[in-house]
Amino acid sequence: MPVLEWLDYAGVAVFAATGALAASRKQLDMIGFIFLAAVTGIGGGTVRDLVLGEAPVFWVRNPNYLLITAAVAICVYFTAHLFESRYRLLLWLDATGLAAYSVMGAAKGLAASGSPTVAIVTGMLTATLGGILRDVLSGEPSVLMRPEVYVTAALVGAGAFVAATFAGLPLVAASGIGVLAAFIVRGGALRFGWAFSPYRSRPGRRPEDIM
Amino acid sequence: MPVLEWLDYAGVAVFAATGALAASRKQLDMIGFIFLAAVTGIGGGTVRDLVLGEAPVFWVRNPNYLLITAAVAICVYFTAHLFESRYRLLLWLDATGLAAYSVMGAAKGLAASGSPTVAIVTGMLTATLGGILRDVLSGEPSVLMRPEVYVTAALVGAGAFVAATFAGLPLVAASGIGVLAAFIVRGGALRFGWAFSPYRSRPGRRPEDIM
Amino acid sequence: MPVLEWLDYAGVAVFAATGALAASRKQLDMIGFIFLAAVTGIGGGTVRDLVLGEAPVFWVRNPNYLLITAAVAICVYFTAHLFESRYRLLLWLDATGLAAYSVMGAAKGLAASGSPTVAIVTGMLTATLGGILRDVLSGEPSVLMRPEVYVTAALVGAGAFVAATFAGLPLVAASGIGVLAAFIVRGGALRFGWAFSPYRSRPGRRPEDIM
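Residue numbers (UniProt numbering), protein chains in the order written: chain A, 1 to 211; chain B, 1 to 211; chain C, 1 to 211.
Below is the structure:
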């Protein structure tokens, strides 16, 4: 299935670039770039394969994915200083990877389980886990905790793909719709600050003030 | 085995509620509630299934677990502001989930490996991992690092279940003993501050002061 | 294969000791020592087995590994206060575990996949993941983010082992070369501050200043 393979390579490469940009922000050495790029690029897909019972995971079966993440990391290492705002670039690349991986994860989940619920969840997991690992490892405030929509974009992408597939559309069309839907939602959040109306709750107090 | 299935549903639902409460404290949107509820609710069981070689994991085989976490998250979204102290509620729900999952994890580990050591460890892992993931993702100080007993309660629950099983008690009785033992230990820690006598050590210095 | 089994026991024991030392720095109770020792000691090997499709993982098949981590944790509990600098000891033990596990992970990856690329990556993953889990769980600044070489040492060890194996050396010799190479690189970093020349980049700004 060449469409999904392309989405997979795109997701891995783009997330790897965000990992390398995070490494640049932390001033790591080149091996640190490669490591953080690899974890970010293949992390989401690895967990997806594991929970679906598809082990050995994709990059053990096809080591090209590892070579891609290394190549991307080295490119970023030598060019990151050229960009005015690495963090802004990181967020947009992250949005692209999120869109590709939400569809890719949903497609794999649907093929493995036949359940639309499982497909939507594996789509969300695949799309968000690489970025979460990157943020936790590099000590950034997690992209998950930012006010604009993020997980929602992955949900929209995976949901649109699943709906289009159940509506009988061919794989290429369903994938295109899913990727576009996720990218529009996340891109709108980045560009226009799209967010749900604030939850009426108050923020949490610190544990020490309560117990 | 209906007893264990009930324990599993209870563990998932209660941990999902703690994840949603953490999302409320961080003022996330509704999808953020569902995501954090799902990760917390199914995280421990997912790792348990993976290390025991039971992939695809339980929620891929039975997507009802996912629907439960989503339903719980939506309920919490609309009611969290009614509670005076969400953090205190979170801790007591967490204690209930810990008790249910320490037995559930031990039972699955015992069935898969036959080793009491493995059973106790899978019980501890299943019971503690969801809460650890929740704390790491939401940037809370980890419940693991709090002074009162926490992992110990999971150990007591799993150990009591394994001992009762090897003593020949039927599954229902052994499960009840395990759940009760874990809940008493963790509840006592929350209510009366039960803790081991402080370790005679001094706290660690900061890395910068040493190297 | 007794050489690899010894390396595995050594890696587990030494990483378990670093986990227990981290628990001592955080003044956890004895069960907290055992838990952090277990997660650190078996974390890297667990992920290695999962991605290679070797589930149930090694410590489910052979619970002795769990007993080793518990024994090490108890020893450290009663002796940690005797050391002048637990953090320095932790770093040197971590270097030993890194060396043992980079070879062990590469050997398992090579046996399972036949690909040198995969072998080097599983070597790096196995060697670094336990320490990363320890640092994330105990809230330390991750060893990955320190300026001296760390992941590079794991890469050198795994790479040297793979190169020596493809050059036709017997397993014992290839393992010895790999372990030594990794330890020299990481030890040099600890003792003499070996690091790559600083990346020409500037540090990252805070997200609030950009968006």
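Glycine included, each C-beta is placed from N, C-alpha and C at the ideal position.
Output yes if chain C places a C-beta closer than 8 Å to the C-beta of residue i; else output no.
i: B/Leu110; result: no
i: B/Ala55; result: yes
i: B/Ser115; result: yes
i: B/Val118; result: yes
i: B/Ala195; result: yes
i: B/Val39; result: no
i: residue 214 of chain B; result: This structure gives no information on residue 214 of chain B, because the portion of chain B shown stretches from 1 to 211.
i: A/Ala95; result: no
Using a Cβ-Cβ distance under 8 Å, would residue i count as near chain B?
i: C/Ile31; result: yes
i: A/Ala182; result: no
i: C/Val72; result: no
i: C/Thr46; result: yes
i: C/Phe35; result: yes
i: A/Val185; result: no
i: A/Val103; result: no
i: A/Val14; result: no
So what's residue i in DSSP terms, helix, strand or just coil?
i: B/Ala13; result: helix
i: C/Ala163; result: helix
i: A/Lys26; result: coil
i: C/Ser85; result: coil
i: B/Tyr150; result: coil
i: C/Pro63; result: coil
i: C/Ser142; result: coil
i: A/Pro56; result: coil
i: C/Ala195; result: coil
i: C/Pro170; result: coil
i: B/Ser102; result: helix
i: B/Ser113; result: helix
Under the rule that 16 or more other beta-carbon atoms within 10 Å means buried, what is residue i, buried or exposed?
i: C/Gly19; result: buried
i: B/Val172; result: exposed
i: C/Leu21; result: buried
i: A/Ser85; result: exposed
i: B/Phe166; result: exposed
i: B/Trp59; result: buried
i: residue 226 of chain C; result: Only positions 1 to 211 of chain C appear in the structure, and residue 226 of chain C is not among them; the question remains open.
i: B/Leu137; result: buried
i: B/Leu82; result: exposed
i: B/Ala95; result: buried
i: C/Ala111; result: exposed
i: B/Thr152; result: buried
i: C/Thr122; result: buried
i: C/Thr128; result: buried
i: B/Gly191; result: Here residue 191 of chain B turns out to be Arg, not Gly, going by the sequence shown. Counting Cβ neighbours within 10 Å, B/Arg191 comes out exposed, since fewer than 16 surround it.
i: A/Phe78; result: exposed
i: A/Gly168; result: exposed
i: C/Gly193; result: exposed
i: B/Met211; result: Reliability of the predicted coordinates at B/Met211 is poor, the pLDDT of 48 falling under 50, and the value obtained from them is presented with this limitation in mind. By the 10 Å Cβ count, B/Met211 comes out exposed.
Within the 8 Å Cβ cut-off, does residue i reach chain A?
i: C/Leu52; result: yes
At a cut-off of 7 Å, would you count residue i as near the ligand MN, judging by its Cβ distance to the nearest heavy atom?
i: A/Arg48; result: This structure does not include the ligand MN; it has no bound ligands of any sort.
Using 8 Å as the cut-off, can you tell me whether the stretch 116 to 125 of chain C makes contact with the stretch 59 to 69 of chain A, which would need three or more C-beta pairs spanning the two stretches below that distance? yes
Which of the residues in the stretch 124 to 148 of chain B, read from start to end, lie with their CB under 9 Å from any CB of chain A? Val136, Leu137, Ser138, Gly139, Glu140, Pro141, Arg146
Would you call the stretch 37 to 53 of chain B and the stretch 69 to 80 of chain B in contact, with 3 or more CB pairs under 8 Å? yes
Residues in the stretch 150 to 183 of chain A with C-beta within 7 Å of chain B's C-beta atoms, listed in sequence order? Val151, Thr152, Leu155
Listed from N- to C-terminal order along the chain, which residues in the stretch 74 to 90 of chain C have their beta-carbon within a distance smaller than 7 Å of any beta-carbon of chain B? Ala80, His81, Ser85, Arg86, Tyr87, Arg88
Taking only beta carbons into account, state which residues of the stretch 57 to 68 of chain C come closer than 7 Å to chain B, listed in chain order. Val57, Val60, Pro63, Leu66, Leu67
Tell me, please, whether the stretch 152 to 159 of chain C touches the stretch 95 to 113 of chain C by the rule of three or more beta-carbon pairs shorter than 8 Å. yes
Determine contact between the stretch 89 to 102 of chain B and the stretch 176 to 192 of chain B, defined as no fewer than three beta-carbon pairs at a distance below 8 Å. yes
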